[in-house]
Amino acid sequence: MYQIVTDSCCDLPYTILEKEGIDFVSMEIILNDEVFLDDGGKTFDMEEFYKQLKNGALPSTSQVNVSKYVDFFIPYVKENIPVLYLCFSSGLSGSYQSALLAVETIKEEYPEAEIYVLDTLSASAGQGLMVLDAIQNQKEGLSFEENIDWLEREKMNYQHWCTVDDLNHLYHGGRITRGAAAVGELLSVKPIITMNEEGKLVVHQKVRARKKSLRYIADKTIQSLKLVENPEKQIVMVTHASDLEAAETVKALILDEVQPKEVLILNLGPTISSHTGYGCVVTFVRGKEGFR
1 MYQIVTDSCC DLPYTILEKE GIDFVSMEII LNDEVFLDDG GKTFDMEEFY
51 KQLKNGALPS TSQVNVSKYV DFFIPYVKEN IPVLYLCFSS GLSGSYQSAL
101 LAVETIKEEY PEAEIYVLDT LSASAGQGLM VLDAIQNQKE GLSFEENIDW
151 LEREKMNYQH WCTVDDLNHL YHGGRITRGA AAVGELLSVK PIITMNEEGK
201 LVVHQKVRAR KKSLRYIADK TIQSLKLVEN PEKQIVMVTH ASDLEAAETV
251 KALILDEVQP KEVLILNLGP TISSHTGYGC VVTFVRGKEG FR
């Protein structure tokens with residue numbers, strides 16, 4: 001027996017995580033000098049958060065510290081339960097390094113502790129898809145080591161296609177210049193953002209107009225599904241920062257071309273939407289090797 005755990009950056013609702021018995025550590029969101037815990041929607045008010053984003057709020061996020069990770073892992077260690085932790089991308093947060101330091105700290109007292117910190121190099125529902133795949137692997141009988149090997153082998157195949165509607169958050173996050181943000185707003189330029197091999201968010205393309213940007217991320221997802229074997233077994237996730245209509249549009253575009261097992265629409269959690277802003281829409285799919 002082993003325990004799969006993750007963090008709130010996976011953007012899976014707490015109801016799904018609780019149903020599957022998956023424990024998770026919460027990221028901190030700082031908004032208007034107040035600190036909130038992202039708990040997958042259990043108590044965190046996403047609609048109020050989106051409202052603040054729309055009104056120009058610029059929240060920040062805080063990585064999980066070593067002490068919090070020690071407290072998170074230690075109950076399993078004391079029960080001699082191996083832990084497989086699917087962690088938010090090291091390219092976007094120092095939490096991964098904090099988790100590794102926590103494991104070193106724990107092993108000073110419990111040298112036989114089995115804790116594997118897997119750098120997903122993913123974010124939001126890309127990380128969430130990995131969690132669901134890890135759960136399915138465990139149900140199908142993969143051992144602790146086999147599941148780790150599978151996830152490490154597949155993790156570069158999880159694709160993220162993101163369109164951003166509010167360029168101010170990209171500017172404040174240092175991803176584009178003030179001038180690029182101003183010109184982009186004037187010309188209705190919508191950057192397409194993806195996750196690179198280092199697990200960092202990068203601008204992949206620039207598209208004029210919201211409608212075209214939604215079409216672009218849908219087309220990329222469709223292209224990926226058409227290249228994989230058994231696309232009917234794939235789950236696609238579409239997340240949005242308070243633009244359900246846009247997310248539904250993307251879902252419809254995908255289903256017009258391909259028929260995956262399921263297309264789930266979820267809220268884009270506060271950690272990522274703090275940096276991408278109000279109205280962001282993202283698609284996630286596990287695609288073909290080398291496609292990222």
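In full-length UniProt numbering, the protein residues as written are 1 to 292.
Here a beta-carbon is modelled for each residue, glycine too, at the ideal position from N, C-alpha and C.
- [ ] Identify which residue in L255, I265, V228 has its Cα closest to the Cα of E245.
- [x] I265
- [ ] Throw me the rounded Cβ distance for the I235 and I217 pair, which I believe falls under 8 Å.
- [x] That belief does not hold up - the Cβ atoms of I235 and I217 are roughly 16 Å apart, past 8 Å.
Open item on the list: S224 and P59 - do their beta-carbons sit closer together than 7 Å?
Closed with: no
Task: Inter-stretch contact (C-beta, 8 Å, three-pair minimum) for the segment 31 to 43 and the segment 2 to 19 - done: yes
TODO: Measure the Cβ-Cβ separation of D45 and C87 and say whether it is below 7 Å.
DONE: no
Task: Whole-angstrom distance between I272 and A57, CA atom to CA atom - done: 14 Å
Task: Beta-carbon contacts of V183 that lie in its chain and below 8 Å, excluding the five residues immediately before and after - done: Low confidence applies to V183: its pLDDT is 40, below 50, so where it sits in the model is not reliable, and the reading given next is rough at best. A distance below 8 Å between beta-carbons, with the five flanking residues on each side excluded, links V183 to the following residues of its chain, in chain order: V189.
- [ ] Starting from S274, follow the alpha helix (DSSP H) in both directions and report where the run begins and ends.
- [x] 270 to 276
Open item on the list: Assuming contact is defined by CB atoms lying nearer than 7 Å, are Y158 and L84 in contact in what I supplied?
Closed with: no
Task: Coarse secondary structure for M27, derived from DSSP in three states - done: If DSSP states are grouped into helix, strand and coil, M27 belongs with coil.
Open item on the list: Would you call the segment 137 to 152 in contact with the segment 98 to 112, where contact means no fewer than 3 C-beta pairs closer than 8 Å?
Closed with: no
Open item on the list: Distance check for A247 and V202, CA to CA, integer angstroms please.
Closed with: 21 Å
TODO: Could you tell me which residues DSSP puts in a beta bridge with C87?
DONE: Beta-bridge annotation (DSSP): C87 is paired with D119.
TODO: For V238, collect the residues of the same chain with a Cβ closer than 6 Å to its Cβ; drop the 5 residues on either side in sequence, then sort them by chain order.
DONE: A247, V250, K251, I265, T283
- [ ] Measure the CB-CB distance between V64 and S8 and report whether it falls below 7 Å.
- [x] Cβ distance not < 7 Å, so V64 and S8 don't count as in contact.
TODO: For G208, count neighbouring C-beta atoms within 10 Å of its own C-beta (all shown protein chains included) and say buried if the count is 16 or more, exposed if not.
DONE: The sequence as given places Arg at residue 208; Gly does not occur at that position. The residue is exposed, with fewer than 16 neighbouring Cβ atoms inside 10 Å.
TODO: Work out the CA separation of G128 and I148 for me, nearest whole Å.
DONE: 16 Å
Task: Rounded straight-line distance, which links the Cα of C280 to that of E205 - done: Note on identity: in this sequence residue 205 is Gln, with Glu being the wrong assignment. Computed Cα separation, rounded: 15 Å.
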